[in-house]
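Working notes, beginning with the structure itself.
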Amino acid sequence: MPEQLIWGMEVFLNGLMAGVLYALVALGFVLIFKASGIFNFSQGVMALFAALTLVGIMEGQVPFSHLINAAFGTEIHHFGWHVPAVAAILLTMVVMVALAWLVNQLIFRHLVNQEPIILFMATIGLAYFLEGFGDIMWGADIKKLDVGLPQGINSTIDEVTYNIFGYGFFIDNLDLWATAVAALLVIALVIFAQYTKQGRAMRAVADDHQAALSVGISLNFIWVMVWSLAGFVALVAGIMWGTKSGVQFSLSLIALKALPVLMLGGFTSIPGAIVGGLIIGVGEKLFEFIIGPMVGGATENWFAYVLALIFLVFRPQGLFGEKIIERV
Amino acid sequence: MLDATEGYITEDGRNIGGVVMEMHNITLRFGGVVAIKDISFDIREGEIRAIIGPNGAGKSSMLNVISGFYNPQEGEVWYKGAKRPPMKPYQVARQGIARTFQNIALFDGMSVLDNIMTGRIRQMQAGLLAQALWKGKAEQEEVENREAVEKIIDFLEIQHIRKTPVGRLPYGLKKRVELARALAAEPSILLLDEPMAGMNVEEKEDMSRFVLDVNDEFGTTIALIEHDMGVVMDLSDRVVVMDYGKKIGDGSPDEVRNNQAVIDAYLGVAHD
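Residue numbers (this note's numbering), protein chains in the order written: chain A, 1 to 328; chain B, 329 to 600.
Written as structure tokens, this is what we have:
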């Protein structure tokens, strides 16, 4: 087998893994969009905020320590304890649920029946607020996140592929874990949406508010639940990205990469978010591998957006989205 | 005149019980517009109670007051012998008051079966994890709920469209699915907002039959709104007539038919 092809396969696999991470962020967007019609620009920042909170809790960091120190002239930064990863993840989830409740109570409850563009603007505001709030609360330095997920080359795959092709593939253990976690998450979400009362209620609210009310569904409860779910997905995405590249503020920019993913997959489809993520992941890695050298590289920065643009022209509802039919 | 707790038996042999809901001097305003003006009436258990009136008479507003979508500025709503505080629509629904809408409010993305299952939300108590794993109480509940829903599906003759997404159904069937969803809640009072609106003669006859059968078979108390006099007179035990937000008649179909104020409202006599 020619070397180029083998390398191409390795690139393809790595692209799939990267795609899983894109899909994780996109998933959070789809969840909120489906249930409330809000395009949540702050999903990426929520992932950052979740990761920051997780690190902060694990390291026993004092929240708002800069503010406290500046105000009182003290020098406290740490409580001096370490919280085990599992407990810290649970605590972070509590924080995310509280955040969901606050967001609904302070913002979206008051914007019921407003135009989508207004809701969208509100989420932009929320994104900037959360970014600043995360900064004040936990500090702006790049943090290392280690919840005990294995990292580094997977030796089994390396060996097996070496025996077959005479060339060992480099697949990161963390990527494999991310894939497994994403798969579990999607299965759990689908079971939740299809087979539980709350899931059915969530789909009901997405379809028709009045009808949902008339069968006894509380809109506020469902909205808080959906934002909590989005917070949970953000936490998972935050853990994966944070472990991979450190918890830093550029994490919120991943959210932008989720946009082309959504344009491909459709804003209303959970499988679409996954497939869209995989296509973007594989597409940009293969494109960089094959075409990159001819144009001087760095194609990963723009490939996804160009692909999304092409989709917007020819299939604006995405691969899996509901077809947009305007009746006259 | 009957006592509030006393019941009676109709000519066709159905049992009508005591008063289950009472509206006391309800007044509803939107800004300066008075939609309902000082209206009182009651609904008895097991009866078919109609609210009729010309367009814009305030019938739908009245239904929205009963179902909690509007809270009246004045007056009291009594339900099952207790005064009802101002409530959200979903709270009213959980008390066992189900409704349909004039312009059909269904969950278009879901199948007929799923739509009707949402009506059972009131009957589902199992915990989230139990539901997801389909274990214990959840399994038993799901089976019971499915049985109840299947019975209603049979009853309303919509077996053939059980798995069809609601968005694809024709108007008449959508109305029937909406009725099925409301019935699935096993409501104490079923509110129907113009169940015959926009239907052809055949569909109207079907719907009338279903309304009568539901009342007969399940003993469901039904309050319905119509502006088609003919349909209502055949269906209902008692009729409230509204015009310009006021009650102008209340009684059996025969009494209402011979009421001069009602005749005027329908034939269009100049208001002075």
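Glycine included, C-beta positions come from ideal geometry on N, C-alpha and C.
Predicted, not measured: the structure shown is a model, and the values here were computed from it.
For P293 of chain A, the three-state secondary structure derived from DSSP is helix. DSSP places D207 of chain A inside the alpha helix (DSSP H), whose first and last residues are K197 to D207. Taking a contact to require three or more Cβ pairs closer than 8 Å, the region 227-244 of chain A and the region 42-51 of chain A qualify as touching.
For G216 of chain A, the nearest CB of chain B lies under 8 Å from its own CB, placing it at the interface with that chain.
In the three-state DSSP reduction, D370 of chain B falls in the strand class (E or B).
Taking a Cβ-Cβ threshold of 9 Å, the residues of chain B close to R203 of chain A are F435, G437, M438, D442 and T446, in chain order. Within a 10 Å sphere around the beta-carbon of Y128 of chain A sit fewer than 16 other beta-carbons, which makes this residue exposed. A direct Cα-to-Cα measurement between S439 of chain B and Q114 of chain A gives close to 28 Å. Excluding residues up to 5 positions away in sequence, V224 lie with their Cβ nearer than 7 Å to the Cβ of W101 of chain A in the same chain. DSSP lists A:H78 as the bridge partner or partners of Q61 of chain A. Around the C-beta of V55 of chain A, 16 or more other C-beta atoms lie within 10 Å, and the residue is accordingly described as buried. Residue-level contact by beta carbon fails for S516 of chain B and chain A, as no gap is shorter than 8 Å.
Burial is judged here by how many other beta carbons sit within 10 angstroms of a residue's own beta carbon; V494 of chain B has at least 16 and is buried. Taking the beta carbon of R427 of chain B as reference, the chain A residues within 8 Å of it are S214, listed in sequence order. Against A211 of chain A, the close residues of chain B are F429, I432, A433, L434, F435, N443, T446, E506 and R509, in the order they occur along the chain (beta-carbon pairs closer than 9 Å).
Here E10 of chain A carries a helix assignment [DSSP, helix/strand/coil]. Within chain B, the C-beta atoms nearer than 7 Å to that of K197 of chain A come from I449, M452 and Q459, in chain order.
Against chain B, a Cβ distance below 7 Å from F192 of chain A picks out A460.
Beta-bridge annotation (DSSP): H352 of chain B is paired with B:E404. Assignment of N40 of chain A by DSSP, reduced to helix, strand and coil, places it in the coil class. In the three-state DSSP reduction, D571 of chain B falls in the strand class (E or B).
Burial is judged here by how many other beta carbons sit within 10 angstroms of a residue's own beta carbon; N40 of chain A has at least 16 and is buried. With a threshold of 16 other beta carbon atoms within 10 Å, T156 of chain A falls short and is exposed.
Cβ contact annotation for Q451 of chain B (same chain, cutoff 7 Å, sequence separation greater than five): N473, in chain order. Going by DSSP, R504 of chain B is part of the alpha helix (DSSP H) stretching over Y499 to A512. A residue is called buried when at least 16 other Cβ atoms come within 10 angstroms of its Cβ; H78 of chain A does not meet this threshold and is exposed.
Residues of chain A whose Cβ lies closer than 7 Å to the Cβ of L456 of chain B are, in chain order, T196 and Q198. T492 of chain B and V83 of chain A have their C-alpha atoms spaced approximately 51 Å apart. Within 8 Å of the CB of S395 of chain B, the CB atoms of chain A belong to S214, in sequence order along the chain. In the three-state reduction of the DSSP assignment, L520 of chain B falls in the strand class. The three-state secondary structure of P493 of chain B, taken from DSSP, is strand. In its chain, beyond the 5 residues on either side, N543, I550, L563, S564 and D565 have a beta carbon closer than 6 Å to the beta carbon of I376 of chain B.
The region 544-589 of chain B is shown to contain whole alpha helix (DSSP H) runs of 4 or more residues at 557-563 and 581-585, in chain order.
A distance below 7 Å between beta-carbons, with the five flanking residues on each side excluded, links G346 of chain B to the following residues of its chain, in chain order: A332, T333, E334, G335, R372 and E373. In the structure shown, A308 of chain A falls within a helical segment according to DSSP collapsed to helix, strand and coil.
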